[in-house]
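> The numbering of the sequence shown is the working numbering, which starts it at -12 and goes up by one.
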Amino acid sequence: MDFDNVMRKRHSIRKYSMKKVSFDQITEICEAARFAPMAGNIYTIKLIIVSDEKKKQELSEAALGQEFIVKASYIIVVCSNLAQLKRTYSTKAEAYARQQAGAAIQNMLLKTTDLGLASCWIGAFDQNAIKRILRIPDDIQIECLLPIANSMEEPREIKKPDLKMILYFEEWGQETAKPEKKVPA
Ligand SMILES: Cc1cc2nc3c(=O)[nH]c(=O)nc-3n(C[C@H](O)[C@H](O)[C@H](O)COP(=O)(O)O)c2cc1C
């Protein structure tokens, strides 16, 4: 798929079929995380690939009862280790870690779409519960869960804001470009 197509086709999908995703596809999705930008090239991301049925059930309970993730073949748990980033960037480290985790997650979501698979960024969960389930050390931050599955959802159009809704020109609050330039709807 070309880039524009992948970007536009990516959607949060929450209905999964029982058809298994191959392990090779999961490693391809994880591979995509490697290519995200990282401040100072300090790589903070750690990924835990979970396929055990009991653990998936426990993760769904820790994700505030989001049952649909149990049906995914795999759940990738995206974590950040901030140790090196804090030594280099002190007070900036927390913000940088969140930003680079987001970049890695988006790469993974786009690769998932490119492979014709389904996922959904799961950010609502209990950190401590997931740490207990997966034996994650206290100083590690859990960023999100990514269930990876085959889709059972009909393709649908999700309304995104028009470009002009997110643009200012030259300064905060300036909604029109000077001289007037046409912004696509
Ligand atoms: C930080 C973050 C946390 C999210 N947490 C959840 C979640 O816990 N459960 C869920 O079903 N969707 C979650 N989503 C997905 C959003 O609901 C979804 O991206 C949004 O509705 C836009 O739809 P789209 O992804 O199909 O474009 C999350 C998205 C982000 C970026």
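Cβ coordinates follow ideal geometry from the N, Cα and C atoms, glycine included.
Keep in mind the model is a prediction, meaning the values are calculated, not measured.
(1) With H, G and I counted as helix, E and B as strand and the rest as coil, what does DSSP make of glutamine 53?
(2) Verify the contact flag: arginine -3, CB atom, against every heavy atom of ligand 1, threshold strictly below 8 angstroms.
(3) How many Å lie between aspartate 101 and isoleucine 16 at the Cα?
(4) Does DSSP classify asparagine 137 as helix, strand or coil?
(5) Apply the 10 Å Cβ neighbour rule to threonine 14 and answer buried if 16 or more other Cβ atoms are within range, or exposed otherwise.
(6) Isoleucine 153 bridges to which residues according to DSSP?
(7) If you measure from the CB of alanine 105, is any heavy atom of ligand 1 nearer than 8 angstroms?
(8) Please state if the CB of valine 8 and the CB of alanine 136 are separated by a distance shorter than 9 angstroms.
Taking the geometry as given:
(1) Here residue 53 corresponds to residue number 66 of the sequence shown, with the count starting at 1. Three-state result, glutamine 53: coil.
(2) Translated into positions along the sequence shown, residue -3 becomes position 10. True, at least one ligand heavy atom lies under 8 angstroms from that Cβ.
(3) For the purposes of this step, residue 101 is identified with residue 114 of the sequence shown, where counting begins at 1. For the purposes of this step, residue 16 is identified with residue 29 of the sequence shown, where counting begins at 1. Going from the Cα of aspartate 101 to the Cα of isoleucine 16 covers about 10 angstroms.
(4) The sequence position of residue 137 within the sequence shown is 150, counting from 1. Three-state DSSP puts asparagine 137 in coil, outside helix and strand.
(5) Mapped onto the sequence shown, residue 14 falls at position 27. Label assigned to threonine 14: exposed.
(6) As a position in the sequence shown, residue 153 is number 166, starting the count at 1. The partner list for isoleucine 153 (beta bridge, DSSP) is empty, contrary to what the question assumes.
(7) Indexing the sequence shown from 1 puts residue 105 at position 118. Because no heavy atom of ligand 1 lies under 8 angstroms away, the Cβ of alanine 105 does not count as near it: no.
(8) For the purposes of this step, residue 136 is taken as residue 149 along the sequence shown, with counting starting at 1. For the purposes of this step, residue 8 is taken as residue 21 along the sequence shown, with counting starting at 1. Yes, the Cβ-Cβ distance between alanine 136 and valine 8 is below 9 angstroms.
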